[in-house]
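Take a look at the structure:
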């Protein structure tokens with residue numbers, strides 16, 4: 001199929017400048033949904049790859065930027081919705097060459113209609129080269145619970161049009177909330193047809209729980225999905241700000257990811273691969289450097305580069321200090337009195353994984369004995385407790401990266417011990433998990449729901465104070481979303497399905513065979529979760545279907561088949 005193009009027809013906007021009213025013409029007979037049309041980028045199966053010059057950052061790193069030919073090659077996005085505002089994002093980058101190293105004025109508009117006949121807010125920002133010509137507009141003065149449309153203009157070019165939505169008013173106690181949960185999108189492992197399905201959903205917001213990029217060197221079975229080449233190849237690792245910028249730009253150039261960003265506001269948090277696999281605070285992974293850790297000082301410089309590139313490419317409300325290895329991204333969002341979403345960072349402040357084992361897996365007792373271990377750090381742990389204690393919400397959500405449920409895995413080597421645990425998850429930090437679950441009970445937190453990703457498979461589970469006593473009442477529900485494209489070893493899928501009823505009876509549903517996302521819909525009385533999956537990621541197009549549906553009745557913390 002051919003690329004869908006957009007033509008804008010001029011009109012006058014408030015302030016007298018010529019913009020365009022957003023009316024859309026399509027060529028090639030490609031049918032798209034209303035929300036997919038808003039992206040103005042390629043949402044067809046075959047994106048056009050535009051010519052690049054050797055001076056372009058992506059070319060210098062072995063990549064390419066398909067899609068929009070102008071300065072908005074990476075599309076647009078919005079995020080961190082509040083009742084009166086939302087972050088509007090873009091990054092100026094041409095597919096045909098870099099921008100000059102000078103500040104660029106970027107005008108922006110927010111309208112109540114997609115043709116921009118009713119512009120309600122407008123202004124301008126300055127995109128500076130020190131931040132990769134990225135733009136973060138905190139558009140305020142909007143009305144709560146409303147749909148809006150936004151766009152940018154820079155260097156005489158008009159951006160794609162995005163759709164966003166503000167959160168409900170703080171006092172709102174009726175209505176519902178619909179959101180998607182996504183994570184783990186390894187560019188090299190396959191295509192992202194799930195994002196086409198996500199973009200076509202009717203959602204209020206999307207939560208991305210980490211592993212937005214992967215740091216690995218180029219090595220893909222797909223000729224058009226090879227990673228950009230880092231400045232120091234052979235370490236399976238990105239190092240510099242240019243490395244991370246090029247990798248983020250490559251991921252952002254995917255037309256289906258752009259479509260999903262342009263359709264809804266996103267709330268994002270990182271996991272490990274945005275910086276380095278399995279890192280913990282300033283302790284890096286040893287597997288990529290011949291068994292030796294970098295010094296904390298060296299890794300701090302790498303982490304600073306990774307964090308800055310992440311900020312530059314995300315619609316996130318955060319205070320970046322360029323060159324700093326610290327960036328606070330844990331934060332919370334209230335959707336009226338219906339839901340409070342606490343967004344955690346379980347990488348920046350965590351202690352190292354216990355036990356001294358290579359990789360993720362080790363003896364379960366190592367996590368139980370990890371009395372000084374923390375995934376969040378003390379400050380974030382106290383912040384979370386306060387947010388749970390004083391929440392006015394009917395549903396209290398903890399959106400974070402790694403599974404909280406205890407999971408016993410059969411030893412994949414078939415050796416001794418026969419049962420192992422993933423110590424990179426909460427199973428490696430059992431005392432902190434015990435404290436949190438006990439707090440949910442003691443503080444009588446209303447309807448707690450934990451969200452997770454990371455493990456590239458779908459798990460719907462009930463959390464227990466004592467997982468060895470499955471007859472105990474559940475204290476919370478955990479919803480773990482499968483990956484967009486990252487691989488789950490299919491050889492483990494069948495054995496886990498066979499042993500879960502015995503080893504992990506609190507797990508109500510598991511599937512490691514399919515990629516996709518979770519779709520959640522809640523109101524005061526209940527919460528429904530649908531596992532939305534595709535059968536293949538070997539193709540750019542694949543239909544999305546519902547693999548499983550479960551509901552939570554308010555006040556129960558139990559999962560039932562829908």
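Residue numbers (UniProt numbering): 1 to 562. The beta carbon of each residue, even a glycine, is placed where N, CA and C say it ideally should be. Keep in mind it's a predicted model, so treat the numbers as computed, not measured.
Cβ atoms of residue 446 and residue 386 stay farther apart than 8 angstroms, at about 15 angstroms. With at least 16 other beta carbons inside 10 angstroms of its own, residue 90 counts as buried. Between the segment 347 to 367 and the segment 229 to 237 there are fewer than three inter-stretch CB-CB distances shorter than 8 angstroms, so the stretches are not counted as touching. With contacts defined by Cβ atoms closer than 8 angstroms, residue 315 and residue 383 do not form a contacting pair. The three-state reading of DSSP puts residue 422 in strand, counting E and B together.
Around the beta carbon of residue 415, a 10 Å sphere encloses fewer than 16 other beta carbons of the protein chains shown; the residue is thus reported as exposed. Contact between residue 465 and residue 437 holds: CB atoms are separated by about 6 angstroms, below the 8 angstroms threshold. The beta carbon of residue 351 lies closer than 6 angstroms to those of 373 and 374 in the same chain, with the five residues before and after it left out. Rounded to the nearest whole angstrom, the CA to CA distance from residue 158 to residue 185 is 29 angstroms. With a contact defined as Cβ atoms closer than 8 angstroms, residue 333 and residue 169 miss out at about 13 angstroms. 8 angstroms or more divides the Cβ of residue 204 from the Cβ of residue 183.
Excluding five sequence positions before and after residue 467, the CB atoms of its chain that fall closer than 7 angstroms to its own CB belong to 406 and 506, given in chain order.
Residue 525 is classed as exposed because its beta carbon has fewer than 16 other beta carbons within 10 Å across all chains shown.
Counting the other Cβ atoms within 10 Å of the Cβ of residue 442 gives fewer than 16, which makes it exposed.
Excluding residues up to 5 positions away in sequence, 403, 404, 405, 449, 450, 451, 452, 459, 460, 461, 462 and 463 lie with their Cβ nearer than 8 angstroms to the Cβ of residue 478 in the same chain. Going by C-alpha positions, residue 457 is about 39 angstroms away from residue 127.
Between residue 149 and residue 113, the CB-CB gap stays under 8 angstroms. Taken in chain order, no unbroken stretch of alpha helix (DSSP H) lies wholly in the UniProt domain "Phospholipase D N-terminal" (74 to 166) with a span of 4 residues or more. With a cut-off of 8 angstroms on Cβ pairs, the segment 422 to 430 is not in contact with the segment 532 to 541, counting fewer than three such pairs.
Look at residue 383 here: in three-state DSSP terms it is helix. For residue 480, DSSP records a beta bridge to 452 and 459. Assigned with DSSP and collapsed to three states, residue 207 falls in strand. In the three-state DSSP reduction, residue 412 falls in the coil class, being neither helix nor strand.
With a contact defined as Cβ atoms closer than 8 angstroms, residue 345 and residue 330 qualify at about 5 angstroms. According to DSSP, residue pairing for residue 533 in a beta bridge involves 516 and 545. If you look at residue 299, you'll find it in the alpha helix (DSSP H) that goes 296 to 312.
Taking a contact as a CB-CB distance under 8 angstroms, the pair residue 216 and residue 236 counts as one, their CB atoms being some 5 angstroms apart.
Going by beta carbons, residue 250 and residue 187 fall inside the 8 angstroms limit. In summary, residue 413 is exposed, with fewer than 16 beta-carbon neighbours lying within 10 Å of its beta-carbon over all protein chains present. Taking the C-beta atoms as reference points, residue 313 is found nearer than 8 angstroms to residue 248. With respect to residue 201, residue 176 sits apart: the two C-beta atoms are not nearer than 8 angstroms. Secondary structure note for residue 177: its beta strand (DSSP E) is the uninterrupted segment 177 to 182. For the 8 angstroms CB-CB criterion, residue 279 and residue 347 form a contact. For residue 365, the three-state secondary structure derived from DSSP is helix. When only Cα atoms are considered, residue 190 and residue 80 end up about 29 angstroms apart. Residue environment for residue 560: exposed (fewer than 16 other C-beta atoms within 10 angstroms of its C-beta).
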